[in-house]
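Numbering-wise, the numbering used here puts 305 at position 305 of the sequence shown, and it's gapless, one number per residue. All C-beta atoms in this analysis are idealised placements derived from N, C-alpha and C, irrespective of residue type, glycine included. Nothing here was measured: the structure is a model prediction, and the numbers come from that model. Down below is the structure, laid out as structure tokens.
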Amino acid sequence: MERIGSILKEKRIEKGLSLEDMSKTTKLSTIQLEAIEEGNIQFFKEDLSYLSYFVRYYANALGVSYDELRGELDDTIHAYTDSITVSQIQKQDEITTNIRNKVNPNANVKVHRAKKSRRFDFGTVGLVVLGVAIVTLFGYLAITYVVPMFGSSDPIEKPVITVPKVEEEEKPAEGSGNTGTETTPETKPNTTVTVNRTSPTEYTIAGWEQGKDVTLDFTFNATSWMQFEEDGKIMTSPASGTYPQGQTAKVTVKPSKNKKIEVQYGAFKGNTIKVNGVDLEIDPSIAPADVVLLTFTFIEGATQS
Numbered sequence: 001m002e003r004i005g006s007i008l009k010e011k012r013i014e015k016g017l018s019l020e021d022m023s024k025t026t027k028l029s030t031i032q033l034e035a036i037e038e039g040n041i042q043f044f045k046e047d048l049s050y051l052s053y054f055v056r057y058y059a060n061a062l063g064v065s066y067d068e069l070r071g072e073l074d075d076t077i078h079a080y081t082d083s084i085t086v087s088q089i090q091k092q093d094e095i096t097t098n099i100r101n102k103v104n105p106n107a108n109v110k111v112h113r114a115k116k117s118r119r120f121d122f123g124t125v126g127l128v129v130l131g132v133a134i135v136t137l138f139g140y141l142a143i144t145y146v147v148p149m150f151g152s153s154d155p156i157e158k159p160v161i162t163v164p165k166v167e168e169e170e171k172p173a174e175g176s177g178n179t180g181t182e183t184t185p186e187t188k189p190n191t192t193v194t195v196n197r198t199s200p201t202e203y204t205i206a207g208w209e210q211g212k213d214v215t216l217d218f219t220f221n222a223t224s225w226m227q228f229e230e231d232g233k234i235m236t237s238p239a240s241g242t243y244p245q246g247q248t249a250k251v252t253v254k255p256s257k258n259k260k261i262e263v264q265y266g267a268f269k270g271n272t273i274k275v276n277g278v279d280l281e282i283d284p285s286i287a288p289a290d291v292v293l294l295t296f297t298f299i300e301g302a303t304q305s
């Protein structure tokens, strides 16, 4: 891990960039970037499942091939996970021994006394069961959050390109009179929006109507770490984190002119997106990519008559 951090730090200095510059580019804090450069894996003990994504962001931002670092990083994470498990077992053994000695300090003084007072030690059995439970828990966490990051790559689905359908407004039946009672219409997703791709990772959304939500649906065909931002602020719903294969996420937007939605992928790899239920056209150049930042900007809304 220290060698990986040294490579990234040297590349950053070579480019004349500061940690603050890289923080703006990668969306990682300067403290996280500094820990990566120092090879301080202990700093990420609570976010160990994200460490591979963090290093990948940093490497890609500096123009360093992540594939050259992947093997060493995987070995480092495995070794650190194993050391935590062994440390917990040793600590539990010490606790068990100390408690056993306190419960029966004269067990080795006279054999006949030990035999006379022998009884079933529920305390020791309870501690052993607790130790087994702790080991099992760490094994489950490792299998659930760490191992999936090193699995085989997921299949890539070709993006489907469709033309957005325009929903016709419902016309009132002839002869129907005004009842005099006004009803407040429900806020529904706007199906008349037009999405245009201006670059491989940038889109504009037009034709939206004031008061009607616009939804972005994300389907994960590959496990990916995600972060969603609205006008530069990290959204709480959907929350940032790792989304496993087969899961979905929905971003609901109250549209306004110049509103911007940014979506950060840790592993894009054929994941799909729909805007108001219509498949988004994905640029072929980013379909198999890992780290991708997509930007959606709301421009002109629908013309009001």
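{"Item": "Measure the alpha-carbon distance for M226 versus R100 and round it to whole angstroms.", "Value": "48 Å"}
{"Item": "Taking only the alpha-carbon atoms, compute the straight-line gap between S153 and D67 and give it to the nearest angstrom.", "Value": "Because S153 carries a pLDDT of 48, less than 50, the predicted location of this residue cannot be relied on, and no value is offered for it."}
{"Item": "Can you have a look at D47 and say buried or exposed, based on whether 16 or more other CB atoms are within 10 angstroms of its CB?", "Value": "exposed"}
{"Item": "Which residues bound the beta strand (DSSP E) around E224?", "Value": "Note that residue 224 is Ser in the sequence shown here, rather than Glu. Unbroken beta strand (DSSP E) run through S224: S224 to E230."}
{"Item": "Under a three-way DSSP split, which group does Q307 fall into?", "Value": "Since the first residue shown for the chain is 1 and the last is 305, residue 307 is missing from the structure and cannot be characterised."}
{"Item": "Let me know the secondary structure DSSP gives E46 once reduced to three states.", "Value": "coil"}
{"Item": "Rounded to whole angstroms, how far is the Cβ of A59 from the Cβ of L8, which I believe are closer than 8 Å?", "Value": "6 Å"}
{"Item": "Would you mind reading off the limits of the alpha helix (DSSP H) that contains S6?", "Value": "E2 to E14"}
{"Item": "Taking the alpha-carbon positions, what's the V291 to K102 distance?", "Value": "56 Å"}
{"Item": "Put F138 into one of helix, strand or coil per three-state DSSP.", "Value": "helix"}
{"Item": "How do the region 253 to 264 and the region 277 to 286 stand: do at least 3 beta-carbon pairs fall below 8 Å, yes or no?", "Value": "no"}
{"Item": "Classify F347: buried if its beta carbon has 16 or more other beta carbons within 10 angstroms, exposed otherwise.", "Value": "There is no way to answer for residue 347, as the model of the chain reaches only from 1 to 305."}
{"Item": "Can you tell me whether DSSP reads K102 as helix, strand or coil?", "Value": "helix"}
{"Item": "Provide the residue(s) that pair with R197 in DSSP beta bridges, ordered along the chain.", "Value": "Y203"}
{"Item": "Buried or exposed: where does K115 fall if 16 or more other Cβ atoms within 10 Å of its Cβ makes it buried?", "Value": "Here K115 scores only 49 on pLDDT, less than 50, and its place in the model should not be relied on; the value that follows carries that caveat. Exposed: under 16 other Cβ atoms inside 10 Å."}
{"Item": "Note the first and the last residue of the continuous beta strand (DSSP E) segment covering F218.", "Value": "V214 to T219"}
{"Item": "Provide the residue span of the alpha helix (DSSP H) that contains I299, from first to last.", "Value": "Here I299 belongs to no alpha helix (DSSP H), and DSSP marks it neither H nor E."}
{"Item": "Pick out whichever of P244, T215 and N221 has its Cα sitting closest to the Cα of S237.", "Value": "T215"}
{"Item": "Could you tell me the distance, in whole angstroms, from the CA atom of E30 to the CA atom of V128?", "Value": "The sequence shown places Thr at residue 30, not Glu. Going by the C-alpha atoms only, they are around 43 Å apart."}
{"Item": "Relative to the alpha-carbon of V279, which residue among V193, I134, S49 and I299 has its alpha-carbon at the smallest distance?", "Value": "Correcting the residue identity first, residue 279 is Asp in this sequence and not Val. Closest by alpha carbon: V193."}
{"Item": "Could you tell me the alpha carbon to alpha carbon distance between T85 and V135, rounded to whole angstroms?", "Value": "7 Å"}
{"Item": "Between the C-alpha atoms of G270 and G277, what's the straight-line distance to the nearest angstrom?", "Value": "18 Å"}
{"Item": "At which residues does the beta strand (DSSP E) containing I273 begin and terminate?", "Value": "T272 to V275"}
{"Item": "Return the CA-CA distance between A35 and F218, expressed in angstroms with no decimal places.", "Value": "32 Å"}
{"Item": "Which residue or residues does DSSP assign as beta-bridge partners of K254?", "Value": "In DSSP, K254 forms no bridge with anything."}
{"Item": "If the criterion is Cβ atoms closer than 7 Å, does the pair V263 and F228 meet it?", "Value": "yes"}
{"Item": "With T242 as the anchor, note down where its beta strand (DSSP E) starts and where it stops.", "Value": "G241 to Y243"}
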